[in-house]
Amino acid sequence: MEIPSKYNPANSEDKWYSYWLKNGFFHSEPDNRESYTIVIPPPNVTGVLHMGHMLNNTIQDVLVRRARMKGLNACWVPGTDHASIATEAKVVQKLKSEGKSKTDMTREEFLGHAWDWTEKHGGIILEQLKKLGASCDWERTKFTMDKDLSQSVIETFVDLHNKGLVYRGVRMVNWDPSAQTALSDEEVIHKDEHSKLYYLKYIVEDTKEVIFVATTRPETILGDSALCVNPNDPRYTHLKGKRVIVPIVGRSIPIIHDDYVDIEFGTGALKVTPAHDINDYMLGQKYNLEVIDIFNDNGTINDKVGMYVGVDRFDLRKQIAIDLQEAGLMEKIEDYDNKVGISERTGVAIEPKLSMQWFLKMEELSKPALEAVMNDDVALYPSKFKNTYKHWMENIKDWCVSRQLWWGQQIPAYYLPNGGFVVATTPEEALVLAKEKTGNDSLTIDDLRQDEDVLDTWFSSWLWPISVFDGISNPNNKEIEYYYPTNDLVTGPDILFFWVARMIVAGYEYRGEKPFSNVYLTGIVRDAQHRKMSKSLGNSPDPLDLIAKYGADSIRVAMLLCASAGNDILWDETLPEQGRNFSNKIWNAFRLVKNWEVSETIEQPLSSKISIDWFDSLLSKSIKEMSADLDNYRISESLMQLYRLFWDEFSGWYLEMIKPSYQKPIDKATYDATVEFFEKLLKLLHPFMPFITEEIWHFLGERKEGESIMIELLPEVTEIKEPLLTEIEQSKEIITAIRNIRKSKNIANKDSVELKIKGGKLTAESESVILKIANVSSVEVVTKDVAGASSFIVKGIEFYVPLGDNLNVEEELLKMKTELEYTQGFLKSVLKKLSNERFVNSAPAKVVEIERTKQADAEEKINILNDQITKLSNI
RNA sequence: GGGAGCAUAGCUCAGCUGGUUCAGAGCAUCUGCCUUACAAGCAGAGGGUCAGGGGUUCGAAUCCCUUUGUUCCCACCA
50 MEIPSKYNPA NSEDKWYSYW LKNGFFHSEP DNRESYTIVI PPPNVTGVLH MGHMLNNTIQ
110 DVLVRRARMK GLNACWVPGT DHASIATEAK VVQKLKSEGK SKTDMTREEF LGHAWDWTEK
170 HGGIILEQLK KLGASCDWER TKFTMDKDLS QSVIETFVDL HNKGLVYRGV RMVNWDPSAQ
230 TALSDEEVIH KDEHSKLYYL KYIVEDTKEV IFVATTRPET ILGDSALCVN PNDPRYTHLK
290 GKRVIVPIVG RSIPIIHDDY VDIEFGTGAL KVTPAHDIND YMLGQKYNLE VIDIFNDNGT
350 INDKVGMYVG VDRFDLRKQI AIDLQEAGLM EKIEDYDNKV GISERTGVAI EPKLSMQWFL
410 KMEELSKPAL EAVMNDDVAL YPSKFKNTYK HWMENIKDWC VSRQLWWGQQ IPAYYLPNGG
470 FVVATTPEEA LVLAKEKTGN DSLTIDDLRQ DEDVLDTWFS SWLWPISVFD GISNPNNKEI
530 EYYYPTNDLV TGPDILFFWV ARMIVAGYEY RGEKPFSNVY LTGIVRDAQH RKMSKSLGNS
590 PDPLDLIAKY GADSIRVAML LCASAGNDIL WDETLPEQGR NFSNKIWNAF RLVKNWEVSE
650 TIEQPLSSKI SIDWFDSLLS KSIKEMSADL DNYRISESLM QLYRLFWDEF SGWYLEMIKP
710 SYQKPIDKAT YDATVEFFEK LLKLLHPFMP FITEEIWHFL GERKEGESIM IELLPEVTEI
770 KEPLLTEIEQ SKEIITAIRN IRKSKNIANK DSVELKIKGG KLTAESESVI LKIANVSSVE
830 VVTKDVAGAS SFIVKGIEFY VPLGDNLNVE EELLKMKTEL EYTQGFLKSV LKKLSNERFV
890 NSAPAKVVEI ERTKQADAEE KINILNDQIT KLSNI
């Protein structure tokens, strides 16, 4: 069989993914094994895969595949989120492009379009995940709007209402004029903005006196209902009880005195607009001021004041500035930097607005969730997020859960004909409650009007780890009891509050137990210039293109190598190249082993015997280290450990040590051991690089249909022989020294050299390895000096490579003198420490002992070097 | 405005409770090599007063204080 020298991922990836699917390796059913569960952070149903998903899902797949190979019953539940506001916005936009408008449709018509859209685009992202190699249990794919999941949401709302935790009321909320819905505080992003500070003139009624008021939002003068100054501000004390005229509007409003106003800021006078600012609203309540709501839901001016009707809020700001100036009521305009609340979903400026909404009381609910994280029942990785979490949970506010949208779970509240409402899971139940409440037995379902609003998307996703196993409606079912609590959650820190915190809350409220034990928070994928990846910058590569170009394994390696825990990922295209090169390295090691001719009759060389023994120990040691890393979610480090083990130790050293001469067969014992090592390495690599490892594993041995590396068990740790590891490290040092001599003297590898040893000896095993790798023809222990030789010292033993006339005495002397100087300097620093009485007395005996050994070693080396220099100088 | 984190080779990061090699890795760089698995490779090399300053200690990249820079979270200063 001719194997190409380059690995081609295209030949194996789809093939093996189909094979895994066909054999049902991803599917999990409860059994008597221990479970290992991950629920996917459900991507938006209409989303497409981006680099963030790649990172996130690669990490999840590594964890799941590893758990599976540890013999656990691994279950990774995939699914998508209906993403209420985002999806609705997309559908509205699509309809608009077709000349249709949501406002012209009934709710049912609109939802019809939304479901069409979902069916058309939904699940694309899940198909893309398959290209990455994600081993999700696709038979369990869920959607947050599936019937049973929606049912869970409704039941939860009703339950929380019955517990008295849900209330309805008029509050100042964050209004998104584009989506025309309320948002929760978490959905508002505060952004720095260069804006203007306008100084307006308010004239005191019946006088000529002018009060200057600084504002960033001059358009809100339409809604002014008072002017507020600090009672301790001497500039304004004489104005107590007076009124001022709102510029342009001409309305007379009172002057109120409250120490909320900062004397230092602006002019010390504040215009109060209770309908459009949270602070002004509070002042309004305190002083019983009129609330004048001047905006329509879409951000244009309504007809309340009778001016500028229908003008957009930002157009009005410009217009009113002009009008104020023309009327002589504007003192000046200054540049000003402030923060503006932006809708997380639509990107438009938030308008604080009074409206009737549904809220969930969070204070009591959040207590167990706070404690769980504080005592590491739910462990966050990296743990620095504990602080952030704590701060948020301790200052948690009620959650506005209603959204003025159609796409989502409609709030199960039913209004009664003569006021009041009931909350129930079905209209039928609502009717029963309504009859009880009103005492009116003649009510019918048609008399009840269901609330128009839907619930916040996160009100469904906070149940995700429970609802995917139907644990809300059906709390004692076999699945939820087996898979819950889940093990690991992998997600971005940007949704720590939106989602993670709330899932923990829901977990304790509905299962009395945490939803997961560990939360791995990934970094953000950025480009090499540290810029966030975004469509508009065009710096975000298409993951599918990358997979097509480099192969999924290479992309996975690339993502993981740069993803040290908690740090942002700086992506550039040398990373997948590194992944590809590594794939190729593995492939070529496979080619080497595969092409050997195995002989049952030839004897196993001593060098092979010790090499096998050595690598066996090294492998065990590495397994231990990389497992410890993985257990602590140091995924990048564990992969790097494996990378070096395979590349440097296995390919660079081990294979060279046991490799038969050109076109010679290999003995069976060595061959078998090597194949076994290779298989173990493949198994360790499999969670990171599932495709290439499966491909090679299948060709490395005889495999039957239905066998797969992904369901094999990870290799066990055997005895770690430390002395052997040291011995081989020493041999490597000797080999490297010989290579250096070869290099400086231009001695080709094919020309053998002799090696003389003085002042010690090597074991037969070490010697055999050195003979083989360094192409040494003979090793001889001598007691006399070796003339005409280049020398080096390893662990107090002198080594000589005879060079005859080729030796450059000057050069050799220089080399020795440099080393002597270095060693003397080293000795000096050691002696300095040891001559310090306080060090010798205070430091632990072990540390002092080490220093003494260093001293002895250095002195020995200096003696040898001095000796060698003297002799060489006398030639 | 409040809080948290980070600052170690050109780049990205390790360095666990202060003490085994006068600071490690990967990538990049430089120098040799198309050596019969692999040039997507092999053999080597260079590169850091551990952000600045102070302190604790026999001993500090590691602990404390401080300055500077940087990132993030929270917050109702018009």
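With the numbering used here applied, the first sequence corresponds to residues 50 to 924, in that order. Quick reminder that beta carbons are idealized off the backbone N, C-alpha and C, glycines included.
- In the three-state reduction of the DSSP assignment, R394 falls in the coil class, being assigned neither a helical nor a strand state.
- The C-beta of M118 has 16 or more other C-beta atoms within 10 Å across all chains shown, which makes the residue buried.
- Annotation: E339 is outside any beta strand (DSSP E) and is labelled neither H nor E by DSSP.
- For K895, there is no enclosing beta strand (DSSP E); the residue is found in the alpha helix (DSSP H) stretching over A894 to S922.
- Counting other Cβ atoms within 10 Å of its Cβ, H210 reaches 16 or more and is therefore classed as buried.
- A residue is called buried when at least 16 other Cβ atoms come within 10 angstroms of its Cβ; H243 does not meet this threshold and is exposed.
- Cα atoms of V879 and L762: separation of roughly 49 angstroms, rounded to the nearest angstrom.
- If you draw a 10 Å sphere on the C-beta of I238, you find fewer than 16 other C-beta atoms in it, and that means exposed.
- A Cβ-Cβ separation of about 5 angstroms places V802 in contact with V850 under the 8 angstroms criterion.
- Taking the CA atoms as reference points, V642 sits about 8 angstroms from V724.
- Beta-bridge pairing by DSSP links P127 to no other residue.
- P283 is bridged by DSSP to nothing; it lacks a bridge partner.
- Sequence-distant Cβ neighbours of R82 in its own chain, meaning closer than 6 angstroms and more than five residues away, are N122.
- The residue among K866, I343 and E698 with its C-alpha nearest the C-alpha of F841 is K866.
- With contacts defined as CB atoms closer than 8 angstroms, S233 and I341 fail to qualify as a contacting pair.
- Contact between the stretch 545–558 and the stretch 65–74 is not established, with fewer than three Cβ pairs separated by less than 8 angstroms.
- By the neighbour-count criterion, in which a residue is buried when 16 or more other Cβ atoms sit within 10 angstroms of its Cβ, I445 is buried.
- Around L373, the same chain offers L249, P267, P296, I297 and M379 as residues with beta carbons nearer than 7 angstroms, after the five sequence neighbours per side are excluded.
- Taking Y599 as the centre and dropping the five residues before and after it, the same chain places the C-beta of P625 and R629 closer than 6 angstroms to its C-beta, in chain order.
- Around the beta carbon of H735, a 10 Å sphere encloses 16 or more other beta carbons of the protein chains shown; the residue is thus reported as buried.
- Separation of the CB atoms of M582 and M100 is rounded to 5 angstroms, and the pair is thereby assigned contact status at 8 angstroms.
- Between L610 and N855, the alpha-carbon positions lie close to 46 angstroms from each other.
- Straight through space, the alpha carbons of L733 and T571 are spaced by roughly 23 angstroms.
- Secondary structure within the stretch 286–353: the beta strand (DSSP E) runs of 3 or more consecutive residues, fully enclosed, are 292–294, 301–306 and 318–321 (chain order).
- Here the C-alpha atom of G469 lies approximately 16 angstroms from the C-alpha atom of T493.
- Around the Cβ of L586, a 10 Å sphere holds fewer than 16 other Cβ atoms; the residue is exposed.
- Each residue's CA atom was taken as its position, placing D496 and A231 some 27 angstroms apart.
- Sequence-distant partners of E909 (beyond 5 residues in either direction) whose C-beta falls short of 6 angstroms from its own C-beta, in its chain, are G845.
- The alpha carbon of S227 has as its nearest neighbour, out of K180, I596 and D361, the alpha carbon of D361.
- Between the stretch 651–658 and the stretch 708–723 there are three or more inter-stretch CB-CB distances shorter than 8 angstroms, so the stretches are counted as touching.
- If you ignore the 5 residues before and after D352, its C-beta comes within less than 8 angstroms of the C-beta of V358, all in its own chain and listed in chain order.
- A straight line joining the alpha-carbon of R575 with that of C449 spans about 32 angstroms.
- Within its own chain, the residues whose Cβ lies closer than 7 angstroms to the Cβ of G128, once the five positions on either side in sequence are excluded, are I89, P91, T190, K191, F192 and V517, listed in chain order.
- Straight through space, the alpha carbons of G750 and L454 are spaced by roughly 59 angstroms.
- Its chain contains A263, T264, T265, G315, I382, E383, D384 and Y385 as the residues whose beta carbon lies nearer than 8 angstroms to that of L246, once the 5 sequence neighbours on both sides are disregarded; these appear in chain order.
- Below 8 angstroms, too few C-beta pairs join the stretch 434–441 and the stretch 678–698 to call them touching: fewer than three.
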